[in-house]
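Asker: One structure, pasted below without further comment.
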Amino acid sequence: MTDVRAERIAELIEPLRVKPGSRVNLGKDFDPRYKAGLKKKRGVDLLHTGVLLLAEYQERLAAQDTYGVLLCLQALDAGGKDGTIRHVMSGVNPQGVKVSSFKQPSAEELDHDYLWRYAARLPGRGDITIFNRSHYEEVLVVRVHPELLDRQRLPEHVRGADLWGRRYRDINNWERYLTDNGFKVVKVFLNLSREEQRARFMKRLDLPEKNWKFSASDVRERRRWDDYQRAFSEMLSATSTEWAPWYVVPADRKWFARICTAAVLAHALMDIDPHYPVVGKEAREDLQAARRELEAEAPEGAPADPYAAGHPIPEAGGAQRRSARTAKRKQSSAAARRTRSGKRA
44 MTDVRAERIA ELIEPLRVKP GSRVNLGKDF DPRYKAGLKK KRGVDLLHTG
94 VLLLAEYQER LAAQDTYGVL LCLQALDAGG KDGTIRHVMS GVNPQGVKVS
144 SFKQPSAEEL DHDYLWRYAA RLPGRGDITI FNRSHYEEVL VVRVHPELLD
194 RQRLPEHVRG ADLWGRRYRD INNWERYLTD NGFKVVKVFL NLSREEQRAR
244 FMKRLDLPEK NWKFSASDVR ERRRWDDYQR AFSEMLSATS TEWAPWYVVP
294 ADRKWFARIC TAAVLAHALM DIDPHYPVVG KEAREDLQAA RRELEAEAPE
344 GAPADPYAAG HPIPEAGGAQ RRSARTAKRK QSSAAARRTR SGKRA
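Set out below in structure tokens:
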């Protein structure tokens, strides 16, 4: 990991982070059209960089096999969750990524506690799991539609005024438990404006190939816009913690939402900073024996090590030294530009 990349990513996502303990008013505190002064053309390059970073760190995560990552994506209908997943995860190894979507709970799932079905789909060590909608549905759609609690068959004495406060507490404790056991919880809310949602719904109605993505229930849920905004604000206020903060990503511009989501996930992986396992002395001796045997099998006139012949292997610490030299050259170039600017002035 280079400090420059980490600093740039941290700078980009800091305005999106919900400060733990703060009181959120979603409509006033976060602008769905915010784009950090970026233009779309520049955004395409940044997204490509983010995808490459994710591929690099996912490989390290899988090799180390110590940590897992859970990415929770929440949004209103047409918020762009599917497209965000498709673009952000385009460069990673699909063997190490799983996406789980949560619809209406089944009879079996309703026979268990409300977190049971989510716990059953958590990532393993070395893996990244994406929840397309997540356990936060239990304090969002269930809160907006309290009649859904009847299907959960809760004991009467727990259905009091403090139900939502207890669920926030349960979720915070559950995520702390996961974090303490090596599973990073990353939470992204794609913040869509009411007008942008209307425009996307109209597009789904206008284009025959997108009709399948539209449901009459989408319009019914849209009528509860204010209720959802209040539920989102309460959720963000109560469950953005030091160990699992929320990031409110502006979603009116899809390209910017994808950049930010990639940056948030890359930041989490950089924070873990996974490393490739170091081979022990005995295993290294076995590797050297295997090398000698393979080199002895080289045909006449062929290099003993074809890969090394075409790709010089750096000495230990070479990558760090190259990074340091690159940073030094950049600093020298910047100083030279400042000097030239001063002379012209």
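If you're matching positions, the sequence shown starts at 44 in our numbering and goes up one per residue. Backbone N, C-alpha and C define an ideal beta-carbon position, used for all residues, glycine too.
(1) Three-state secondary structure (DSSP) at Val-87?
(2) Using only alpha-carbon positions, find the residue among Ser-65, Glu-50, Leu-55, Ala-294 that is nearest to Ser-276.
(3) Quick check: the stretch 46 to 56 against the stretch 255 to 271, are there 3 or more CB pairs under 8 Å?
(4) If we ignore side chains and look at the alpha-carbon of each, how far apart do Lys-141 and Tyr-157 end up?
(5) Which of the three DSSP states, helix, strand or coil, is assigned to Leu-279?
(6) What is the C-beta distance between Gly-323 and Leu-233, in whole angstroms, given that I count them as a contact (C-beta under 8 Å)?
(7) Of all the alpha helix (DSSP H) runs that stay within the bounds of the stretch 50 to 85, which reach a length of 4 or more residues?
(8) Over what stretch of residues does the beta strand (DSSP E) that includes Phe-390 continue unbroken?
(9) I want to check one thing, is the minimum distance from the CB of Val-291 to the heavy atoms of the ligand PLP below 7 Å?
(10) What do you get for Ala-306, buried or exposed, if any count of 16 or more other CB atoms within 10 angstroms of its CB means buried?
(11) Can you tell me which of Tyr-110, Lys-256, Arg-164 puts its alpha carbon nearest to the alpha carbon of His-318?
(12) Where Pro-58 and Ala-345 are concerned, what is the direct C-alpha to C-alpha distance, given to the nearest angstrom?
(13) Less than 8 Å separating the beta-carbons of Val-311 and Lys-227?
(14) Is Leu-96 near Ile-173, with beta carbons less than 8 Å apart?
(15) Taking its Cβ as the centre, do 16 or more other Cβ atoms sit within 10 Å of Leu-279, making it buried, or is it exposed?
(16) Count the other C-beta atoms from every protein chain shown that fall within 10 angstroms of the C-beta of Asp-295, then say buried if there are 16 or more, exposed otherwise.
(17) So Gly-208 is in the alpha helix (DSSP H); what residue range does that whole segment cover?
(18) On the CB-based measure, 16 or more other CB atoms within 10 Å of its CB, does Trp-268 come out buried or exposed?
(19) Look up Val-321 in the DSSP assignment and say whether it is helix, strand or coil.
(20) Classify Gly-134 as helix, strand or coil using the three-state DSSP reduction.
(21) Please classify Val-201: is it buried, with 16 or more other beta-carbons within 10 angstroms of its beta-carbon, or exposed?
(22) Span of the alpha helix (DSSP H) holding Ser-260?
(23) Distance check for Ala-347 and Thr-222, CA to CA, integer angstroms please.
(24) Determine whether the beta carbon atoms of Arg-129 and Pro-148 lie at a separation below 8 Å.
(25) Where does Tyr-350 fall in DSSP's three states?
(26) Quick check on the burial criterion: 16 or more other C-beta atoms within 10 angstroms. Buried or exposed for Arg-212?
(27) Under 8 Å, with one C-beta from each stretch per pair, do the stretch 284 to 300 and the stretch 229 to 246 reach the 3-pair mark?
(28) Less than 8 Å between C-beta atoms, sequence neighbours within five positions excluded: which residues of the same chain meet that for Gly-134?
Answerer: With the given structure in hand:
(1) helix
(2) Ser-65
(3) no
(4) 21 Å
(5) helix
(6) Contact flag wrong, Cβ pair sits at about 45 Å.
(7) 69 to 72
(8) Because the chain in this structure spans residues 44 to 388, residue 390 falls outside the shown range and cannot be described.
(9) Inclusion of the ligand PLP in the displayed structure is not the case, the ligand content being empty and no account of it being possible.
(10) buried
(11) Tyr-110
(12) 57 Å
(13) With the sequence shown as reference, residue 311 is identified as Ala, and Val is not the correct amino acid for it. Yes, the pair counts as a contact, with Cβ atoms nearer than the cut-off.
(14) no
(15) buried
(16) buried
(17) 206 to 223
(18) exposed
(19) coil
(20) coil
(21) exposed
(22) 259 to 265
(23) 47 Å
(24) no
(25) helix
(26) exposed
(27) yes
(28) Val-94, Leu-95, Leu-97, Ala-98
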